[in-house]
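Chains D and B are the protein sequences, given in the same order. According to our numbering, the stretch in the first sequence is residues 131 to 375, in order. According to our numbering, the stretch in the second sequence is residues 131 to 375, in order. Glycine included, every Cβ here is placed at the ideal spot set by N, Cα and C. Heads up, the thing below is written out as structure tokens.
2 protein chains.
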Amino acid sequence: MTGFNNFFKSAFTVDNVIFGFDEGDLKVLLIKRGEDPYEGKWALPGYFVYPNEDLDSAAVRVLKELTGLTDVYLEQVKTFGTVNRHPFGRVITIAYFSLVKINRYKLQPASIALKAKWHSISEVKQLAFDHKEILDSCFERLKWVVRTRPVGFELLPPKFTLTELQHLYEAILETDLDKRNFRKKILSMDLLVDLDELQEGVAHRPAKLYQFDREKYEKFLSEGFSFELKESKKKEVKKEPATNS
Amino acid sequence: MTGFNNFFKSAFTVDNVIFGFDEGDLKVLLIKRGEDPYEGKWALPGYFVYPNEDLDSAAVRVLKELTGLTDVYLEQVKTFGTVNRHPFGRVITIAYFSLVKINRYKLQPASIALKAKWHSISEVKQLAFDHKEILDSCFERLKWVVRTRPVGFELLPPKFTLTELQHLYEAILETDLDKRNFRKKILSMDLLVDLDELQEGVAHRPAKLYQFDREKYEKFLSEGFSFELKESKKKEVKKEPATNS
DNA sequence: AATCTTATTGTAAAATTGACAATATCCCTA
DNA sequence: TAGGGATATTGTCAATTTTACAATAAGATT
Numbered sequence: 131m132t133g134f135n136n137f138f139k140s141a142f143t144v145d146n147v148i149f150g151f152d153e154g155d156l157k158v159l160l161i162k163r164g165e166d167p168y169e170g171k172w173a174l175p176g177y178f179v180y181p182n183e184d185l186d187s188a189a190v191r192v193l194k195e196l197t198g199l200t201d202v203y204l205e206q207v208k209t210f211g212t213v214n215r216h217p218f219g220r221v222i223t224i225a226y227f228s229l230v231k232i233n234r235y236k237l238q239p240a241s242i243a244l245k246a247k248w249h250s251i252s253e254v255k256q257l258a259f260d261h262k263e264i265l266d267s268c269f270e271r272l273k274w275v276v277r278t279r280p281v282g283f284e285l286l287p288p289k290f291t292l293t294e295l296q297h298l299y300e301a302i303l304e305t306d307l308d309k310r311n312f313r314k315k316i317l318s319m320d321l322l323v324d325l326d327e328l329q330e331g332v333a334h335r336p337a338k339l340y341q342f343d344r345e346k347y348e349k350f351l352s353e354g355f356s357f358e359l360k361e362s363k364k365k366e367v368k369k370e371p372a373t374n375s
Numbered sequence: 131m132t133g134f135n136n137f138f139k140s141a142f143t144v145d146n147v148i149f150g151f152d153e154g155d156l157k158v159l160l161i162k163r164g165e166d167p168y169e170g171k172w173a174l175p176g177y178f179v180y181p182n183e184d185l186d187s188a189a190v191r192v193l194k195e196l197t198g199l200t201d202v203y204l205e206q207v208k209t210f211g212t213v214n215r216h217p218f219g220r221v222i223t224i225a226y227f228s229l230v231k232i233n234r235y236k237l238q239p240a241s242i243a244l245k246a247k248w249h250s251i252s253e254v255k256q257l258a259f260d261h262k263e264i265l266d267s268c269f270e271r272l273k274w275v276v277r278t279r280p281v282g283f284e285l286l287p288p289k290f291t292l293t294e295l296q297h298l299y300e301a302i303l304e305t306d307l308d309k310r311n312f313r314k315k316i317l318s319m320d321l322l323v324d325l326d327e328l329q330e331g332v333a334h335r336p337a338k339l340y341q342f343d344r345e346k347y348e349k350f351l352s353e354g355f356s357f358e359l360k361e362s363k364k365k366e367v368k369k370e371p372a373t374n375s
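Here's what the structure looks like:
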């Protein structure tokens, strides 16, 4: 292997776009960096991959150290490796996204982070490194995944209402959906269990609670079933309210 | 950056799944490795990424050195980084796939390759490293891409018949398609130019030649058009002829 | 001119999508 | 407990898309 030594001078990290859903809004978990580079800047949680660690394991570790969660949906999206993206040397990063039930855990700021905080996707304007670009890629991927596989449920509590589910899809796809058509479509897939329970603590007619039937989904999958939501017209672009200028 | 030095001992490569289409069959370009490790084994063309080289550039370089082609469709798919996947040390690889017009070039076996050869996808059983897994991932991705964006044309000569196009889709999607329905669907997208030319040299009624209208496609895209072929039932699984056993 | 081979084309039934608004139910307050 | 408030729930019809299906057309070959 003489001659190859020059190649063994790089490092790689994983960065994790952790999505959550709260108050009708799609959120991403960001950390305020506690060390160089970009100390004090908001960034995606991530870290170097250890020499004896698989990539997926590293992504799981980063997630666990920050949130304490282990059993979550996690998927590799894309690798970013522009030559000068990291001030310490050649560092490429493998981007993952994960979907967590936002109320299920307590943030556990890892040593690398001064603090961690949920941000509304739409309000994230810039981040350390090339993390904004990574976030955008993962958001695009999420849009596709959510139309293609029933993973939306990973973002909701185990019991949810159809309206909550619809709001989730609307937030992710950035469209408005027709209530009646959405319900028809979702229910026709026969992946939800009607729990015969009602929402509590709301000051109006409570909605029925449903649960995702994972077993049935696995069964469908093995029979060649394909979850598919049609792409629809874009929600008209929100006009930025004309700010002072 | 004290303490991080231990991370800067890795390397990364790009591996390229180069698809072509010939004789009604989807092909992949493999090389017989001319050096360690796995010398003499069939593998995906790939190489280390140079310290001052972007990932995409490396993929382009690998493709060019092998085929002489530069202006081809190329897309990053996934990164593979199992700890012990490479005998020389920690080496992760970023997998790309590309689509080439198989008759448009002469193979130029690079220094790393004893020889390069097109293999029918279905006949590739095992490869060096984890390359078979990489190939499978890229093939899956191609199936999705081809239903989602009109990139199939990248695999055909500039002028092609509708039957050729259909055979291409059938090879990639591993399904049979209905002739009339396929034509209706494709033509209704209004992305093909009827060249008013006929196929030559065939011993039967010659078919009309068409050309992909890239400009029109760009225009449609900017207007929010979405190319979409519906997923269809799987072609019934070919039963392996019972071999001697 | 007859034959061979592949190209080309249409129609009707079925399934899906998309648009659209009235009624039902529970909570809360007076 | 009656009325108002708020959201939940539900159905129909038109339009579009998908699917299944086979007869005729046209150039090449003999």
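It is roughly 10 Å from the alpha-carbon of F312(B) to the alpha-carbon of L295(B). Straight-line spacing of the CA atoms in D308(B) and R335(B) works out to 20 Å. Judged by pairs of C-beta atoms under 8 Å, the region 195-205 of chain B touches the region 145-164 of chain B, as three or more such pairs exist.
Neighbours of R220(D) in chain B, taken as residues at a C-beta separation under 7 Å, are given in chain order as P181. Taking a beta-carbon distance threshold of 7 Å, I224(D) counts as an interface residue toward chain B. Taking the Cα positions, Y299(D) is about 51 Å away from G164(B). Going by beta carbons, I224(D) and T209(B) fall inside the 7 Å limit. Contact annotation: Y168(D) and A258(D) have beta-carbon atoms nearer than 7 Å.
Per DSSP, the beta bridge partners of L328(B) are K338(B).
In the DSSP assignment, S228(B) is bridged to I148(B) and L204(B). Straight across, the Cα-Cα distance linking F227(B) with R234(D) is about 39 Å. Interface annotation, L322(D): not in contact with chain B, CB-CB separation never under 7 Å. Of all residues in the region 197-219 of chain D, only Q206, K208, T209, G211, T212, V213, F218 and G219 place a beta-carbon less than 7 Å from a beta-carbon of chain B. In the three-state DSSP reduction, T293(B) falls in the helix class (H, G or I). Approximately 13 Å separates the beta-carbon atoms of F142(B) and V192(B); this is outside 8 Å, ruling out the contact. If you draw a 10 Å sphere on the C-beta of F134(B), you find fewer than 16 other C-beta atoms in it, and that means exposed. Looking at the DSSP output, F210(D) bridges to T223(D).
For K289(B), the closest of V281(B), V190(B), L272(B) and L325(B) by C-alpha to C-alpha distance is L325(B). Residue-level contact by beta carbon holds for S140(B) and chain D, with a gap shorter than 7 Å. Rounded to whole angstroms, the gap between the alpha carbons of G176(B) and E263(B) is 15 Å.
Using a Cβ distance threshold of 7 Å, S267(D) and V207(D) count as a contacting pair. Taking C-beta separations shorter than 6 Å and ignoring five residues to either side along the sequence, the partners of P217(D) in its chain run P167, following chain order.
Counting C-beta atoms within 10 angstroms of its own C-beta, P181(B) has fewer than 16 neighbours from the protein chains shown and is therefore classed as exposed.
Taking the Cβ atoms as the reference, F151(D) lies roughly 4 Å from L285(D), within the contact range of under 8 Å.
For D306(D), no chain B residue has a C-beta closer than 8 Å to its own C-beta; the minimum C-beta separation is roughly 16 Å. Under the DSSP assignment, I161(B) falls in the beta strand (DSSP E) whose first and last residues are D155 to R163.
Taking 8 Å as the Cβ-Cβ cut-off, the region 346-362 of chain B approaches chain D at G354, S356, E358 and E361, given in chain order. At a cut-off of 7 Å between C-beta atoms, D343(B) does not count as an interface residue with respect to chain D.
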